[in-house]
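Start counting the sequence shown at 1; every next residue gets the next number (UniProt numbering).
Every residue, glycine too, gets a C-beta built ideally from N, C-alpha and C.
Remember, it's a predicted structure, so these values are computed and weren't measured experimentally.
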Amino acid sequence: MFTGIIQAVATIAALRDQDGLRTFTMEFPEGFCQDLAIGASVSHDGVCLTVTEILSPTRATFDVMLQSLNITTLGQYQVGDVLNVERAAKDGAEIGGHPLSGHVDFTAPVLEVLKTDTNHKIRFGIPEPFRPYVFAKGYIAINGASLTVAEVDRKAGWFEVWLIPETLRMTVFGRKQVGDLVNIEIERSTQVVVDTVRETVEASLGQLKPVLEALLQEKGLSLEDFINVPKLPK
1 MFTGIIQAVA
11 TIAALRDQDG
21 LRTFTMEFPE
31 GFCQDLAIGA
41 SVSHDGVCLT
51 VTEILSPTRA
61 TFDVMLQSLN
71 ITTLGQYQVG
81 DVLNVERAAK
91 DGAEIGGHPL
101 SGHVDFTAPV
111 LEVLKTDTNH
121 KIRFGIPEPF
131 RPYVFAKGYI
141 AINGASLTVA
151 EVDRKAGWFE
161 VWLIPETLRM
171 TVFGRKQVGD
181 LVNIEIERST
191 QVVVDTVRET
201 VEASLGQLKP
211 VLEALLQEKG
221 LSLEDFINVP
231 KLPK
């Protein structure tokens, strides 16, 4: 498990391809690898990877399977690219962000970047199957960082986050440009709640569901508009 609080930015020092496997050699900041052991887990831009070899006090290797390369941004990286990294949380560790599994759900494109002297806003796209799980003021993990959704438009398929200077200093987000892809892990408790509500509605409506959907469609609405509306705080 990870906390979503990025501990450092690491650099890809070397890449080696084998059949269905790519080995990453990572260069970490001084001190990051202290007590790091073979078999330990390290999040790389939100992807949980296992240490396969310790090369030096600042270098370690990680094997990435073809499936992970295909469904995350790791397959696009080159030597010299930098990634957000976090070591696995220890028992009793403070959860400064929210619990993350290190299993990426989808990649999202950067749609817009707005920079001012004091603010940094990034808008990301959301694939349609995952739009019900993204809520304003809810948690989401972007490249392994636990962030709060500022605004979301599920119909248009985008959400936005605002980044403080400290987050920009400690992560790779200041380098992201329009068109870049990032790894997204949705917040698991939100997924459970949304799926439970949808299944309950499905079971409760039964044969009435097609009729209700047809009536709503005439008004330019859908059942999803009602199922996925978050309750306002009391």
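Looking only at its own chain, which residues have a Cβ that is under 7 Å from the Cβ of residue i, when we skip the five neighbours before and after it?
i	result
Ser68	Val47 and Leu74
Leu205	Leu212
Leu114	Lys121
Gly125	Ala108, Pro109, Leu111, Gly157 and Trp158
Pro129	none
Gln177	Val110 and Val113
Pro127	Phe106
Leu147	Ile140 and Val161
Quick check on the DSSP output: the alpha helix (DSSP H) that includes residue i runs from which residue to which?
i	result
Asn70	Leu66 to Ile71
Determine the contact status of residue i and residue j, defining contact as a CB-CB distance below 7 Å.
i	j	result
Ile12	Asp63	no
Ala150	Val161	yes
Val152	Ala136	yes
Tyr133	His98	no
Phe32	Ala14	no
Val120	Leu83	The question names Val, but residue 120 in the sequence shown is His. No. Outside cutoff.
Phe28	Gly102	no
Leu163	Pro109	no
Asn183	Val104	yes
Ala10	Met26	yes
Gly4	Leu100	yes
Arg123	Arg154	no
Thr72	Thr23	no
Among all the DSSP beta bridges, which residues are the ones paired with residue i?
i	result
Phe62	Phe24 and Val51
Phe2	Leu100
Ser204	In the DSSP output, where bridge partners are listed per residue, Ser204 has none listed.
residue 265	As shown, the chain starts at 1 and ends at 234. That puts residue 265 outside it, with no answer to give.
Between which two residues does the beta strand (DSSP E) carrying residue i extend?
i	result
Asp45	No beta strand (DSSP E) contains Asp45, which DSSP labels as neither H nor E.
Asp17	Ala8 to Gln18
Leu83	Val82 to Arg87
Using a Cβ-Cβ cutoff of less than 6 Å, which residues in the same chain neighbour residue i once the five nearest sequence positions on both sides are dropped?
i	result
Gly174	Leu168
Pro230	Legend: pLDDT at Pro230 = 48, less than 50; position of this residue unreliable, value from coordinates given subsequently. Hits under 6 Å: Phe135.
Ile6	Asn84, Glu86, Ala145, Met170 and Thr171
Going along the chain, which residues of its own chain have a beta-carbon closer than 8 Å to the beta-carbon of residue i, five neighbours each way excluded?
i	result
Ala40	Thr50, Val51, Arg87 and Ala88
Asp117	none
Leu55	Thr25 and Thr61
Gln76	Leu181
Glu30	Pro57 and Thr58
Glu218	none
Residue ranges of each beta strand (DSSP E) within the UniProt domain "Lumazine-binding" (99-197), 3 or longer:
Correct list: 106-115, 120-125, 139-142, 145-148, 151-153, 158-162 and 181-186.
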